[in-house]
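Last residue of the sequence shown: 219 in our numbering, with the numbers rising by one and none dropped. Yeah, the Cβ is synthetic: ideal placement off N, Cα and C, and Gly gets one too.
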Amino acid sequence: MAEQRFALSKGRDMGLYGQMNPGVATQAPMDNDLSFFAPGDAAALRSAFGRFGTGVTVITTQTDAGPMGMTANSFSSVSLDPPLVLWSAALRSKRHDVFATTQTYCIHVLGQDQEAMALHFASQGHDFTSFDWTAGPGGAPQLEGCLAAFHCKLDAVHPAGDHSIILGEVTHAAERPGDGAGLLFDKGRFGVFTAKAAGP
Ligand SMILES: Cc1cc2nc3c(=O)[nH]c(=O)nc-3n(C[C@H](O)[C@H](O)[C@H](O)COP(=O)(O)O)c2cc1C
């Protein structure tokens, strides 16, 4: 078996999302081109998790202090009947407790031109002055310009390590007409999907 060497680039542990463009693991590849590492190695695990490219969402809710938003790429559709979606919120986030308890919220799928919105709601949650929005059918703010919006009522919150899995039932859903491309997130970078040529 090929010798395994581990020489991860150093970096502060900033959780799953806090470090944009996280250092790339520089481990010697094994014969099958995969290098094992200890799952307890948070930096290496974050890097490997980051190989799973995702879309990007902003989740909003209304609070006593006004609207709140948060960028999240942990969104996943779960069920059509009943319509269920999930995302996970980090316990370390100052916004965790609001999103883990709010009864209504809206998940927005961002388009390729909405990187600024993603960065904005990653850095803070209360300033909506740069964006147009209206109160949605469930009361949660609905941001303009997104590809899709899922208004949810809280279904369940499951403790999951250093995150909470927040499961919501979709009460109202909306989609922008056309084929606008989504904003994607891969290896700590934003990007855009490029379709392969159709057919053989
Ligand atoms: C592309 C991207 C995706 C993110 N996805 C999540 C996520 O799914 N869950 C989460 O808790 N934080 C996620 N974050 C981090 C939050 O947006 C936010 O930065 C973090 O919770 C810090 O918030 P705080 O200021 O409330 O402590 C993501 C950040 C980015 C840039």
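In this chain, the beta strand (DSSP E) harbouring residue 204 covers 202 to 205. Residue 148 and residue 218 have their C-alpha atoms some 46 Å from each other. In its chain, beyond the 5 residues on either side, 206, 207 have a beta carbon closer than 6 Å to the beta carbon of residue 69. Residue pairing by DSSP places residue 129 in no beta bridge whatsoever. Counting C-beta pairs with one atom in each stretch, the stretch 176 to 185 and the stretch 94 to 112 have three or more that are closer than 8 Å, which means they touch. Contact annotation: the stretch 135 to 148 touches the stretch 76 to 94, with at least three C-beta pairs closer than 8 Å.
Per DSSP, reduced to three states, the secondary structure at residue 57 is coil, with no helix or strand assignment.
A Cβ-Cβ separation of about 7 Å places residue 212 in contact with residue 201 under the 8 Å criterion. For a cut-off of 8 Å, the C-beta gap from residue 129 to residue 189 is around 18 Å, too long to register as a contact.
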